[in-house]
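Beneath this line is the structure, given in structure tokens, with notes to follow.
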Amino acid sequence: MILYFTGTGNSRYLAEGIAKITEDDEIISINELMKTKEGDTFKSDKPFVFVAPVYAWKIPIVLSEFIEKSEFIGSDEVYLIVNCGSTVGGTYTYAKDDFAKKGLKMKGFAAIDMPENYIAIFKAPDEKKADEIIAKGRERIIKIAEMIKNNESFFNRTNKGYGKPLSIILNKPFYRITVSSKGFHTLDNCNGCGKCVELCPLNGIDLVDNKPVWNGKCTHCMACICGCPSEAIEYKKSSYGKRRYYLRDKF
Numbered sequence: 006m007i008l009y010f011t012g013t014g015n016s017r018y019l020a021e022g023i024a025k026i027t028e029d030d031e032i033i034s035i036n037e038l039m040k041t042k043e044g045d046t047f048k049s050d051k052p053f054v055f056v057a058p059v060y061a062w063k064i065p066i067v068l069s070e071f072i073e074k075s076e077f078i079g080s081d082e083v084y085l086i087v088n089c090g091s092t093v094g095g096t097y098t099y100a101k102d103d104f105a106k107k108g109l110k111m112k113g114f115a116a117i118d119m120p121e122n123y124i125a126i127f128k129a130p131d132e133k134k135a136d137e138i139i140a141k142g143r144e145r146i147i148k149i150a151e152m153i154k155n156n157e158s159f160f161n162r163t164n165k166g167y168g169k170p171l172s173i174i175l176n177k178p179f180y181r182i183t184v185s186s187k188g189f190h191t192l193d194n195c196n197g198c199g200k201c202v203e204l205c206p207l208n209g210i211d212l213v214d215n216k217p218v219w220n221g222k223c224t225h226c227m228a229c230i231c232g233c234p235s236e237a238i239e240y241k242k243s244s245y246g247k248r249r250y251y252l253r254d255k256f
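Counting in the working numbering, the sequence shown runs from 6 upward without gaps.
See the structure below:
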């Protein structure tokens, strides 16, 4: 069973690659589950496979909460594949603790560089550079998927030394100071298509008078701003003029 949480398509793409190579037809979008459930019960005879982005040097808080409220039966092992723009901090250590609380022990961990999407602060790469990064990520996920298929253990880029202090120092302040829906707004070219409402995993956007209104539920996944077909959403002034990155390609 493969479960993924995604903002702008990177984790979905990698999860599809794992599913294709391992021939696992149980691939589940946690985004879709979050819209209707706080948690769920999952059963798998083989190790669970989670694919997720790194947010502020941990897996997303909303994903940790979803795991906490879910039950996992059958296998007691889990693989975690994360994608990031650069460093993963203490992601491995904290995720290992999250899974341990649910009776799951880590079978493998790997981090894959994928194109940056966090345009609230950073810049997304241009199309050529993004394609190069995706191609390298594809090569890595093929190798990792083969190891998962063969039931092998692997632990890559765990950053056990300096990683955990980085997450301790920066994760909570980052969420407290930066992660908010207040900065999102629409431009005049918004046509009220509702794509942002559809993409938000937290039901954090309502369509009012044919315009999106952010209701405070936000994890800064960038799905709304990067997935808008009209590029009619901005975040404060920091996203102006920046390229949107949303991976729609199938693996």
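Glycine residues also receive a C-beta, built at the ideal position from the N, C-alpha and C atoms.
All values derive from a computational prediction rather than experimental measurement.
(request) Taking ALA116 and ILE26 to be in contact with their CB atoms under 8 Å, please state how far apart those CB atoms are, rounded to whole angstroms. (result) Along the sequence shown, one-based indexing puts residue 116 at 111. Along the sequence shown, one-based indexing puts residue 26 at 21. With 8 Å as the limit, ALA116 and ILE26 do not qualify as a contact, their Cβ atoms being about 18 Å apart.
(request) Could you spell out where the beta strand (DSSP E) holding PHE53 opens and where it closes? (result) Start at 1 with the first residue of the sequence shown, and residue 53 comes out as number 48. If you look at PHE53, you'll find it in the beta strand (DSSP E) that goes 53 to 58.
(message) Which runs of the alpha helix (DSSP H) at least 4 residues long sit entirely within the segment 185 to 209? Give them in chain order.
(response) Restricting attention to alpha helix (DSSP H) runs no shorter than 4 residues, the segment 185 to 209 encloses them at 200 to 204, ordered along the chain.
(request) Compute the Euclidean distance between the alpha carbons of VAL32 and ASP118, then round it to the nearest angstrom. (result) For the purposes of this step, residue 32 is taken as residue 27 along the sequence shown, with counting starting at 1. For the purposes of this step, residue 118 is taken as residue 113 along the sequence shown, with counting starting at 1. Inspection of the sequence shows that residue 32 is occupied by Ile rather than by Val. CA-CA distance, ILE32 to ASP118, rounds to 22 Å.
(message) For GLY12, tell me which candidate among GLU28, SER34, MET6 and ILE23 has the shortest Cα-Cα distance.
(response) For this step, residue 12 is matched to residue 7 along the sequence shown. When only C-alpha atoms are compared, the closest one is SER34.
(request) Count the CB pairs spanning the segment 156 to 165 and the segment 77 to 97 that are closer than 8 Å, and state whether there are at least three. (result) Yes: the two stretches touch, three or more of their Cβ pairs being nearer than 8 Å.
(message) Rounding to the nearest angstrom, what Cα-Cα distance links ILE174 and TYR180 in this structure?
(response) Reading the sequence shown from its first residue, position 169 is the one you call residue 174. Reading the sequence shown from its first residue, position 175 is the one you call residue 180. Between ILE174 and TYR180, the C-alpha separation is close to 12 Å.
(request) Assuming GLY79 and ASP103 form a contact by the criterion Cβ under 8 Å, report the distance between their Cβ atoms to the nearest whole angstrom. (result) As a position in the sequence shown, residue 79 is number 74, starting the count at 1. As a position in the sequence shown, residue 103 is number 98, starting the count at 1. Contact doesn't hold; Cβ gap of about 18 Å is too wide.
(message) Does the contact criterion of 3 or more C-beta pairs under 8 Å hold for the segment 212 to 220 versus the segment 181 to 197?
(response) The segment 212 to 220 vs the segment 181 to 197: in contact.
(request) For ILE72, collect the residues of the same chain with a Cβ closer than 6 Å to its Cβ; drop the 5 residues on either side in sequence, then sort them by chain order. (result) Reading the sequence shown from its first residue, position 67 is the one you call residue 72. Result list for ILE72: ASP103, in chain order.
(request) Report yes if the C-beta distance between ARG249 and ALA125 is below 8 Å; otherwise report no. (result) In the sequence shown, residue 249 corresponds to position 244, counting from 1. In the sequence shown, residue 125 corresponds to position 120, counting from 1. No, the Cβ-Cβ distance between ARG249 and ALA125 is not below 8 Å.
(request) Helix, strand or coil for GLY113, going by three-state DSSP, please let me know. (result) The residue labelled residue 113 in the question sits at position 108 within the sequence shown. If DSSP states are grouped into helix, strand and coil, GLY113 belongs with the strands.
(message) Quick check on the DSSP output: the alpha helix (DSSP H) that includes LEU38 runs from which residue to which?
(response) Taking the sequence shown and counting its residues from 1, one reaches residue 38 at position 33. Looking at the DSSP string, the run of the alpha helix (DSSP H) that includes LEU38 is 35 to 39.
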